[in-house]
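A.B. asks:
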Amino acid sequence: MNVALGRPATQTFTLNYLGYNWAAGLAVDGCGQAEIIANKSGDVENSRCCSGSFSTGSFDEWRVTLGQTYNIDHIVIEGRFGTCISSTPCHT
């Protein structure tokens, strides 16, 4: 069960680049396979991932409010691989 699905999320910095806003809530919106493929391909127009700061050396924090206490068995966080939107390597 995904207890984070649709819950309020925040991050320290939100990337706004080329008119696209990678807000924290995109990490918990329940996007489908097409959006996941867009995330990995660099298709920024259809991407549904969140992203923090666009600068190097900064500290970013992402949080989700679950609304109650849970015993968590495991957490899955998927990062991008390959090239990011600026043609520089993504942090993995």
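Numbering (my numbering), first residue to last: -14 to 77.
Even glycine gets a Cβ: it sits at the ideal position worked out from N, Cα and C.
Since the structure is predicted, the reported quantities are computational estimates derived from the model, not experimental observations.
(1) The ligand ADP heavy atoms versus the CB of Ile60: any closer than 7 angstroms?
(2) Please go through the same chain and pick out, in chain order, the residues whose beta-carbon is closer than 6 angstroms to the beta-carbon of Trp7, but skip the five residues on each side of it.
(3) Taking the beta strand (DSSP E) that Arg48 belongs to, which residues open and close that run?
(4) Does DSSP put Ala8 in a helix, in a strand, or in coil?
(5) Tell me where the beta strand (DSSP E) around Leu0 begins and ends.
C.D. replies: Checking against the coordinates, here is how it stands:
(1) Of ligands this structure carries none, so the ligand ADP is not represented either.
(2) On the sequence shown, position 22 is the one that residue 7 refers to. Once the five neighbours on either side are set aside, the close Cβ partners of Trp7 are Leu0, Cys35 and Ser36.
(3) Looking up residue 48 in the sequence shown gives position 63. Here the beta strand (DSSP E) through Arg48 covers Trp47 to Val49.
(4) Taking the sequence shown and counting its residues from 1, the one referred to as residue 8 is at position 23. Shown here, Ala8 sits in coil according to DSSP, grouped into three states, outside any helix or strand.
(5) In the sequence shown, the residue the question calls residue 0 occupies position 15. Where Leu0 is concerned, the enclosing beta strand (DSSP E) starts and stops at Leu0 to Tyr2.
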